[in-house]
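Input: a single structure, listed below in structure tokens.
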Amino acid sequence: MSATDPQAHFEQIVMPHLDAAYNLARWLAGNHHDAEDIVQEACMRAHRFAASYRGGNSRSWLLAIVRNMAYTWLKKNRPQAVVSIDDEQLAEIEDPAVPAFDMGDASLLRAALGELAVEFREAIVLRDIEGLSYKEIAEVADVPVGTVMSRLARARKQLQTYVSRKGEV
Amino acid sequence: MNCAEFNLLVHAYVDGELDVMRSVEVEQHARGCAACAAKISAIKSLQVALRENELGYHAPASLRHAVRQMAAPAEPQPRPQDWQWLWKFFAVGATAVAVVALMLRSATLSEFNPVLGEVVDAHVRSLMANHLTDVLSSDKHTVKPWFAGKLDFSPDVKDFTPQEFPLYGGRLDYLNGHTVAALVYQHNKHLINVFIWPAETATSSSEQTEHGYNVILFDVNHFHYALVSDMDSSEMEQLAGMLGEQK
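So the sequences go chain by chain: V and F.
Mapping of the first sequence onto my numbering: position 106 corresponds to residue 102, and the numbering continues sequentially without gaps.
Each position in the second sequence, counted from 1, maps to that position plus 9 in my numbering.
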């Protein structure tokens, strides 16, 4: 007897992560309409491959599919946004310490996140908004953990700089 | 540790991704270096801002509906039956296993009881894949609320540190397509997974072995519990007894 109804199976491995999927797509695509299309395409692909999903982290599995869909969409519709970053060049340069300050302005933070390069924005969304571990982010983005770490460091620094600069009256 | 090394590790440190030894070194350096200590608080205040400004988008209802339609052209099974059916596998399988084990000593038990095999697989996978916990704490007031919003039930979380079975943490797991709560306990050097999910019907408890792991199944307060560990069965029974005590 089949232990799993394939449709219930699909629901169980996709539905709990739909918010995370949409959130990632929304931040990568930059708008609601395209994000919705991307997630629908990703879920259709997930449905096709649901039978072959063999357990393990279903959130990482789904988000990796969403990410691939999003990057495919970006390359087609916004190629200039997907500039490849030489991760070798992300060696940590000693910056002066950025002081802690109140970042209560949501719109400022939203704008700052939107300004980041795609790979940096993706790292922040997956880590600081969705709470994935470095290992999970590495699985979703298909890069080594060290790359995840350096992208996060760079992204956070850029956010702090952006907000402190724009926050000055 | 100097400031350059600190810079390389500070983000991993704040994210809890650094091993204990290097975390201690990072903290020691920060205690003696104000500039580096300020970096830690800068990262933390950024994270708080990102978390508290609700920058995360939720899937719109239209999308949720569309994705559901992909999954269910036929009428889906009503939920209560799903839980019942999962439990029947344990109950039926447990009896079948006991009978068959007597006759076929070398037979693979999971052939006759696929869901029992899945419980053990989930246990082994949690130990291997460095994904033992999503929430790492022995404080039940940290672990229990962590499950809120992730499960449509609230598992009873207890810590048994005085009895030498400290709560190690918790995570979500999947058994037979259902999301269940997994609580992880420690005893001496053993780790025990306690899977918990809602019960629709009461069933009797059972103890069995699969691939060298001991599995104890029982009900507490309308929840099914499945304990899995390589601990010996008398110690498993001790933990099971404590879990089974009503508050």
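We put the CB at the ideal spot given by N, CA and C, even for glycine.
- Runs of alpha helix (DSSP H) with 4 or more residues, each lying fully within the stretch 142 to 196 of chain F, are found at 149 to 156, listed in chain order.
- DSSP places residue 219(F) within a strand segment (E or B) once states are collapsed to three.
- Residue 63(F) has a beta carbon lying within less than 9 Å of a beta carbon in chain V.
- By the neighbour-count criterion, in which 16 or more other beta carbons inside 10 Å mark a residue as buried, residue 71(F) falls on the exposed side.
- For residue 26(V), no CB of chain F lies under 9 Å from its own CB, so it is not counted at the interface with that chain.
- Around residue 188(F), the beta-carbon contacts reaching into chain V at under 7 Å are 8, 12.
- Under a criterion of Cβ atoms nearer than 7 Å, no residue of chain F is adjacent to residue 29(V); the nearest Cβ is some 11 Å distant.
- When secondary structure is reduced to three states using DSSP, residue 124(F) falls in the helix class.
- For residue 236(F), the enclosing beta strand (DSSP E) has its first and last residue at 232 to 238.
- Look at residue 74(F) here: in three-state DSSP terms it is helix.
- Residue 126(V) holds the alpha-carbon nearest to the alpha-carbon of residue 63(F) among 145(V), 126(V), 35(V).
- If you check the CB distance, residue 120(V) and residue 155(V) come in under 9 Å.
- Residue contact check for residue 36(F) against chain V: no CB pair falls below 9 Å.
- Using a Cβ-Cβ distance cut-off of 8 Å, the stretch 29 to 45 of chain V and the stretch 193 to 210 of chain F are not in contact, since fewer than three pairs of beta carbons, one from each stretch, lie closer than that value.
- Boundaries of the alpha helix (DSSP H) harbouring residue 23(F): 12 to 23, taken from the DSSP string.
- Proximity of residue 17(V) to chain F, defined by a Cβ-Cβ separation below 9 Å, is satisfied.
- Residue contact check for residue 61(V) against chain F: no CB pair falls below 9 Å.
- When Cβ-Cβ separations below 9 Å define contact, residue 105(V) makes contact with chain F.
- Rounded to whole angstroms, the gap between the alpha carbons of residue 16(F) and residue 60(V) is 29 Å.
- Two segments are said to touch when three or more pairs of C-beta atoms, one from each, lie closer than 8 Å; by this definition the stretch 52 to 61 of chain F does not touch the stretch 12 to 31 of chain V.
- For residue 199(F), the uninterrupted beta strand (DSSP E) run begins and ends at 199 to 207, by DSSP.
- Distance from the CA of residue 159(V) to the CA of residue 46(F), rounded to the nearest whole angstrom, comes to 20 Å.
- The distance from the Cβ of residue 130(V) to that of residue 34(F) is about 19 Å, inconsistent with a contact at the 8 Å cut-off.
- In this structure, the CA atom of residue 248(F) is about 7 Å from the CA atom of residue 174(F).
- Annotation: Cβ neighbours of residue 183(F) in chain V (cutoff 8 Å, chain order): 8, 9, 51, 54.
- Looking at 54(F), 18(F), 137(F), 148(F), the one whose alpha-carbon comes closest to that of residue 38(F) is 18(F).
- Taking C-beta separations shorter than 8 Å and ignoring five residues to either side along the sequence, the partners of residue 251(F) in its chain run 167, 169, 172, 174, following chain order.
- In the three-state reduction of the DSSP assignment, residue 226(F) falls in the strand class.
- Note that the C-beta distance between residue 79(F) and residue 40(V) is below 9 Å.
- Residues of chain V whose Cβ lies closer than 7 Å to the Cβ of residue 137(F) do not exist, since the nearest Cβ in that chain is about 11 Å away.
- For the pair residue 54(F) and residue 150(F), the Cα-to-Cα distance works out to about 24 Å.
- With respect to chain V, the C-beta atom of residue 52(F) has a partner C-beta closer than 9 Å.
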